[in-house]
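Only one structure is covered here, and it is reproduced in the block below.
2 protein chains.
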Amino acid sequence: MLSLDMVAAERDKCESPVGYCTHCDLGAKSFCSGLTTEQFRRFMTFLGQTSIECNATIFREGDPAQHLYEITVGAVKLYKLLSDGRRQIIAFLFPGDFFGLSLNGTYAYTAEAMLPVMVCRFPKRKLDALFEEIPVLEKKLLGATAQELAAAHDQMLLLGRKTAREKVASFLVMLWDRLCGAGERHQLITLPMSRSDIADFLGLTIETVSRTLTGFRREGLIALPDVNHLLIRQHEALQRIAEGA
Amino acid sequence: MLSLDMVAAERDKCESPVGYCTHCDLGAKSFCSGLTTEQFRRFMTFLGQTSIECNATIFREGDPAQHLYEITVGAVKLYKLLSDGRRQIIAFLFPGDFFGLSLNGTYAYTAEAMLPVMVCRFPKRKLDALFEEIPVLEKKLLGATAQELAAAHDQMLLLGRKTAREKVASFLVMLWDRLCGAGERHQLITLPMSRSDIADFLGLTIETVSRTLTGFRREGLIALPDVNHLLIRQHEALQRIAEGA
DNA sequence: CGTATTATTGACCACTCTCAAAAAACGTGG
DNA sequence: CCACGTTTTTTGAGAGTGGTCAATAATACG
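Note that the protein sequences, when read in sequence, are chains Y and Z. Under our numbering, think of the first position of the first sequence as 1, with each following residue one higher. Under our numbering, think of the first position of the second sequence as 246, with each following residue one higher.
This is how it looks when you write it as structure tokens:
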């Protein structure tokens with residue numbers, strides 16, 4: 001049994017903390033950032049790194065929940081299904097995001113790779129031990145979960161109360177916020193998701209998504225060089241539409 | 246009738262760990278259950294207990310987030326607004342539920358009492374110290390947050406992909422699950438929320454909620470003795486409707 | 001290339017919303 | 001306790017946003 005004092009003592013012996021994991025380029029956002037050399041060595045013994053091919057299912061709703069995942073490369077979608085096949089995409093996830101948290105021992109949603117994906121995978125049965133050794137990780141996970149909860153709340157407002165036009169504008173702005181650096185205004189976004197994915201994320205049909213996007217294109221708010229590429233031309237205007245103003 | 250004093254007396258007879266806080270009747274669900282006598286004593290120094298009158302606003306979206314709350318008595322609604330007044334209710338909360346977690350130092354939603362409410366209130370700036378003293382609390386908060394996240398995911402499926410009929414049926418089943426003991430099949434539910442609240446929770450209008458409820462009443466699935474009381478007559482049938490079968 | 005899949009566009013329709021009025025419930029003060 | 005005004009809920013009629021169905025166009029992939 002390892003006491004907090006011992007952990008603290010161990011940490012004090014170490015020199016400056018390792019910057020962050022050298023196996024991915026998440027930087028400070030990563031789960032393993034800010035650990036001491038010794039903590040990092042222990043951390044690596046808990047972790048499994050896995051690559052997942054594009055379109056592969058990582059796990060299904062109802063599967064026994066054995067791992068917690070953090071994406072290092074690629075993009076993942078999470079979704080829930082109704083018995084007749086209607087689908088709701090819960091989240092689009094990118095490097096730095098967690099998924100796989102569960103309540104009753106089974107996953108509550110399906111996770112699917114939208115691109116070739118690299119993940120860090122933590123066995124759930126070892127999580128308590130890991131948190132005991134490196135308590136800061138538990139705080140990080142709580143923070144990440146709180147962030148996902150806030151995103152879910154935003155999406156509930158979108159799904160319940162926004163028009164199709166506002167939904168699509170919100171989606172575009174969200175993509176821009178997540179995938180574009182702050183500086184560059186006119187930056188080409190590569191969409192990892194299909195129109196069908198966008199529709200199932202926004203609670204619309206593919207036809208409505210398509211019509212709304214061409215609408216925005218005709219108004220000069222965006223450009224669509226090809227189906228998988230998107231250029232935000234008037235971010236401010238889209239933001240105003242997204243917020244219902 | 247069982248007085249609080251009697252409950253407290255019964256509990257004081259017990260050795261450590263203290264079963265649970267004597268100030269509320271949450272039992273094992275409570276944040277403070279399963280603590281040792283000493284831990285419980287320390288716990289109480291962190292906590293403020295507050296009563297809130299019905300319909301009072303506890304905090305507003307954008308307010309500086311100073312406290313984390315746990316409900317001990319009553320019911321609370323959380324909601325977000327669009328600039329033109331459109332409202333989405335994020336959650337209906339009952340005894341044992343937490344709220345007030347925030348990311349950037351401000352609350353991301355408004356919290357309003359639907360009944361006279363009692364809460365335990367934890368200052369955020371003391372939370373780290375509390376977790377250091379009683380690490381199990383951090384795990385409990387993580388668990389509660391994960392549970393809220395799962396509920397949010399279910400609600401996203403409802404908002405994005407269910408019909409009005411399925412939404413209202415889901416809502417009724419959810420109420421039954423949360424507010425009724427498992428044994429009693431025909432149990433009268435007292436609704437703490439208005440039709441307008443239900444509509445803003447389900448992404449519908451009050452008219453559609455009203456029409457759907459009268460529909461269920463005519464079909465014999467429920468009874469509505471008066472506006473604030475509800476009797477589930479055919480739970481199974483409602484469950485089937487809720488799941489889109 | 002030829003085939004299969006995905007995306008766009010069009011015409012039509014239905015579910016739910018909007019607007020409006022009546023009915024019921026609530027609150028307040030006499 | 002009842003009369004009154006206010007608010008909430010129910011019910012109705014009509015309209016509109018987004019869905020359905022269908023055809024065409026573009027793209028991906030062997």
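Ideal Cβ positions, reconstructed from N, Cα and C, are used throughout, including at glycine. Quick caveat, the model's predicted, so the values are computed rather than measured.
Whole-number beta carbon distance between L47 (chain Y) and L127 (chain Y), since they are thought to touch under 8 Å: Rounded, the Cβ-Cβ distance is 11 Å, inconsistent with contact.
Could you give the C-beta distance for L101 (chain Y) and T72 (chain Y), rounded to a whole number, given that I count them as a contact under 8 Å? At roughly 18 Å, the Cβ-Cβ gap does not stay under 8 Å, so L101 (chain Y) and T72 (chain Y) are not in contact.
Please list the partners that A395 (chain Z) has in chain Y, where partner means a Cβ-to-Cβ separation under 7 Å. L103 and A108
Less than 7 Å between the beta carbons of L323 (chain Z) and A356 (chain Z), yes or no? yes
Supposed close pair K80 (chain Y), E53 (chain Y) - CB separation, criterion 8 Å: So it is not a contact: roughly 23 Å between Cβ atoms.
Assess, as a yes-or-no matter, whether the region 163–182 of chain Y is touched by the region 397–416 of chain Z under the definition of 3 or more beta carbon pairs within less than 8 Å. no
How about Y69 (chain Y): is its Cβ closer than 6 Å to a heavy atom in the ligand ZN? Ligands displayed in this structure: none; no statement on the ligand ZN is therefore possible.
Beta carbon of G319 (chain Z) nearer than 7 Å to that of P361 (chain Z): yes
Comparing C-alpha positions only, which one of Z:A353, Z:N349 and Z:A336 sits nearest to F522 (chain Z)? This structure leaves residue 522 (chain Z) out entirely; chain Z is present only between 246 and 490.
Among Z:T450, Z:F343, Z:S296 and Z:M363, which one has its Cα closest to the Cα of Q507 (chain Z)? Since the first residue shown for chain Z is 246 and the last is 490, residue 507 (chain Z) is missing from the structure and cannot be characterised.
Please work out which residues of its chain come closer than 7 Å, Cβ to Cβ, to P64 (chain Y), disregarding the five sequence neighbours upstream and downstream, and give them in chain order. G105 and T106
Could you pull out every residue in the same chain whose Cβ sits closer than 6 Å to the Cβ of Q479 (chain Z), ignoring the five residues on either side in sequence? The residues are L466.
Would you say H312 (chain Z) faces chain Y, with C-beta separation under 7 Å as the test? no
At a CB-CB cut-off below 8 Å, which residues of chain Z make contact with T57 (chain Y)? The contacting residues do not exist; T57 (chain Y) stays about 18 Å from chain Z at best.
Can you pull the chain Z neighbours of Q155 (chain Y), defined as C-beta to C-beta under 9 Å? Correct list: A397, M401, L404 and G405.
Coarse secondary structure for I134 (chain Y), derived from DSSP in three states: coil
What is the rounded straight-line gap between the Cα of K204 (chain Z) and the Cα of Q432 (chain Z)? No answer is possible for residue 204 (chain Z): the residues shown for chain Z start at 246 and end at 490.
Starting from I146 (chain Y), find everything on chain Z with Cβ-Cβ shorter than 7 Å and list it in chain order. In the sequence as presented, Ile is not what sits at residue 146 (chain Y); that position holds Ala. L346, L348 and T390, listed in chain order.
Mind listing the chain Y neighbours of S275 (chain Z)? Cutoff is C-beta to C-beta under 8 Å, in chain order. Within chain Y, no residue comes near S275 (chain Z); the closest Cβ sits about 18 Å away, beyond 8 Å.
Can you tell me where the alpha helix (DSSP H) with T208 (chain Y) in it begins and where it stops? I206 to R218
Keeping to the same chain, check which residues put their C-beta closer than 7 Å to that of S210 (chain Y); ignore five residues upstream and five downstream. Excluding sequence neighbours, S210 (chain Y) sits near R195.
Can you tell me whether DSSP reads F98 (chain Y) as helix, strand or coil? Three-state DSSP puts F98 (chain Y) in a strand.
Tell me the start and end of each unbroken beta strand (DSSP E) in the region 272–337 of chain Z that is at least 3 residues and wholly inside, in chain order. 293–297, 302–304, 312–318 and 321–326
Along the beta strand (DSSP E) that carries E112 (chain Y), what are the first and last residues, could you check? T110 to A113
Which of the three DSSP states, helix, strand or coil, is assigned to R240 (chain Y)? Looking at R240 (chain Y) - three-state DSSP - the assignment turns out to be helix.
Can you pull the chain Y residues whose beta carbon is under 8 Å from the beta carbon of L387 (chain Z), in chain order? Simply E138, L141, L142 and T145.
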